[in-house]
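Report on the following structure.
Residue numbers (this note's numbering): 21 to 369.
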């Protein structure tokens with residue numbers, strides 16, 4: 021038990037440091053006078069239901085100095101037809117297989133030094149690219165981590181997903197502004213083209229996902245400049261999964277890539293978080309009811325305080341009241357997702 025309490029203290033200390041650094045970081049302001057070329061690269065596989073909305077968002081950007089590249093990763097639906105209806109979009113076929121090869125095709129074809137990546141099923145505000153340029157104006161940045169939030173309606177299932185995603189987005193933001201980035205999301209990532217191409221061999225093409233995290237680890241290893249873009253004007257919105265199967269498969273993809281992580285800080289945080297999350301389950305089935313309740317209660321309290329500090333920025337106040345049911349389900353969910361994710365083969369789509 022002393023080891024468990026030590027892990028809880030380390031976990032709480034890390035979250036407190038994230039919150040402290042977050043509140044000391046000022047929000048970025050839009051500067052409409054800044055101009056620099058941007059290449060927006062989007063990988064798409066069977067995205068006929070989503071790609072039109074994203075490309076319409078990009079058409080409506082207040083910032084015009086951009087090129088838009090869509091790389092089709094062997095779609096067998098109407099994705100290509102929809103993209104062709106947008107004359108300002110460059111459409112490229114993936115000459116390889118998988119998302120990382122698709123990204124490489126798009127980035128190699130880009131004409132600008134600054135690459136902006138998002139996913140085909142995302143939505144972006146009209147201020148998105150202007151906020152990116154404003155942030156880059158006076159900084160030498162290799163990797164700019166930008167905010168992502170999950171949209172949700174009033175259903176319990178969507179709000180639970182949105183709350184879990186809010187906690188991940190908060191760790192991403194808090195650790196990055198603390199200068200110890202632990203996560204990033206390819207749905208909103210900006211980086212230097214030449215550095216990414218140089219890093220490609222380190223992005224583990226054998227893994228079906230994880231281009232974002234492996235590039236983050238490459239940048240950390242080589243002391244590249246990594247900055248978080250604290251701006252709601254740059255926030256990308258994603259939709260929750262419609263079914264439990266989609267949710268499970270997505271999370272297992274996320275877990276599967278962790279086997280290849282070599283960053284000691286990221287691995288340590290993952291192990292500590294896993295331990296304090298699932299320990300109440302093992303204590304419960306060992307008959308140690310009180311210890312299980314104390315462990316679960318302490319973690320839930322810390323998590324609630326942590327998420328509340330980020331809820332306003334990520335527009336997630338409406339889902340915070342789901343913290344108790346999520347905390348009750350979370351240890352079992354982590355076990356359900358983690359074990360298959362580590363030992364079973366997964367694919368991008």
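Yeah, the Cβ is synthetic: ideal placement off N, Cα and C, and Gly gets one too.
- Closest option to residue 86, judged by alpha-carbon separation, among 68, 232, 59, 112: 59.
- For residue 138, there is no enclosing alpha helix (DSSP H); the residue is part of the beta strand (DSSP E) that begins and ends at 134-139.
- Shown here, residue 224 sits in coil according to DSSP, grouped into three states, outside any helix or strand.
- CA-CA distance, residue 198 to residue 287, rounds to 17 angstroms.
- Its Cα nearest to that of residue 281, the residue 202 stands out among 202, 147, 185, 353.
- Counting the other Cβ atoms within 10 Å of the Cβ of residue 255 gives 16 or more, which makes it buried.
- Annotation for residue 169: the continuous beta strand (DSSP E) segment containing it runs 168-170.
- Annotation for residue 269: the continuous alpha helix (DSSP H) segment containing it runs 264-276.
- In the DSSP assignment, residue 92 falls within the beta strand (DSSP E) that extends over 86-92.
- Secondary structure in the segment 52-126: the alpha helix (DSSP H) runs of 4 residues or longer, each lying completely within the stretch, are 71-79, 99-104 in chain order.
- Contact check for residue 354 and residue 179: beta-carbon distance about 19 angstroms, past the 8 angstroms limit, so the pair fails to qualify.
- Going by beta carbons, residue 74 and residue 167 fall outside the 8 angstroms limit.
- Residue 38 is positioned such that its CB atom lies closer than 8 angstroms to that of residue 194.
- Pairing residue 228 with residue 336 gives a Cβ-Cβ distance that is not under 8 angstroms.
- Under the three-state reduction of DSSP output, residue 205 falls in the coil class, being neither helix nor strand.
- Contact between the segment 203-220 and the segment 292-305 is absent, with fewer than three C-beta pairs closer than 8 angstroms.
- With fewer than three CB-CB distances shorter than 8 angstroms, the segment 237-247 does not count as touching the segment 310-328.
- Bridge partners of residue 25 according to DSSP: none are assigned.
- Rounded to whole angstroms, the gap between the alpha carbons of residue 90 and residue 116 is 15 angstroms.
- Taking residue 182 as the centre and dropping the five residues before and after it, the same chain places the C-beta of 170, 172, 260, 336, 339 closer than 7 angstroms to its C-beta, in chain order.
- Non-local beta-carbon contacts of residue 311 in its own chain, meaning distances under 6 angstroms to residues more than five positions away in sequence, involve 303 in chain order.
- In the same chain as residue 357, and ignoring 5 residues on each side of it, the C-beta atoms closer than 7 angstroms to its own belong to 268, 271, 272, 275, in chain order.
- A straight-line Cα-Cα distance of about 23 angstroms links residue 247 and residue 120.
- Non-local C-beta neighbours of residue 123 in its own chain, meaning closer than 8 angstroms and more than five positions away in sequence, comprise 61, 63, 91, 137, 231, ordered along the chain.
- Restricting attention to alpha helix (DSSP H) runs no shorter than 4 residues, the segment 229-317 encloses them at 231-241, 264-276, 284-305, ordered along the chain.
- In this chain, the alpha helix (DSSP H) harbouring residue 180 covers 176-197.
- For residue 149, the enclosing alpha helix (DSSP H) covers residues 148-156.
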